[in-house]
Amino acid sequence: MAIPQSKKKVKEEPTSLKGTLIAVFIVGAFLVISWLAVFGLYLNRL
Numbered sequence: 005m006a007i008p009q010s011k012k013k014v015k016e017e018p019t020s021l022k023g024t025l026i027a028v029f030i031v032g033a034f035l036v037i038s039w040l041a042v043f044g045l046y047l048n049r050l
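The opening position of the sequence shown corresponds to residue 5 in my numbering, with each subsequent residue numbered one higher.
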């Protein structure tokens, strides 16, 4: 039977999520702008 090994606790450095937040805002803005552009085309063709 194997002897259970205790997991060593590794200190995690606090990571900055600024880059992630900026990327999410950029993708969200792209989606909103694309949606509005397509909606505008739809309204023009009515």
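C-beta: ideal position from N, C-alpha, C; glycine also.
Keep in mind it's a predicted model, so treat the numbers as computed, not measured.
Backbone CA spacing between residue i and residue j [nearest angstrom]
{"i": "F43", "j": "L35", "result": "12 angstroms"}
{"i": "L45", "j": "G23", "result": "33 angstroms"}
{"i": "K11", "j": "T19", "result": "22 angstroms"}
{"i": "E17", "j": "A27", "result": "21 angstroms"}
{"i": "I7", "j": "L21", "result": "39 angstroms"}
{"i": "W39", "j": "L25", "result": "21 angstroms"}
Three-state secondary structure assigned by DSSP to residue i
{"i": "K22", "result": "helix"}
{"i": "L50", "result": "coil"}
{"i": "S38", "result": "helix"}
{"i": "I79", "result": "There is no way to answer for residue 79, as the model of the chain reaches only from 5 to 50."}
{"i": "V31", "result": "helix"}
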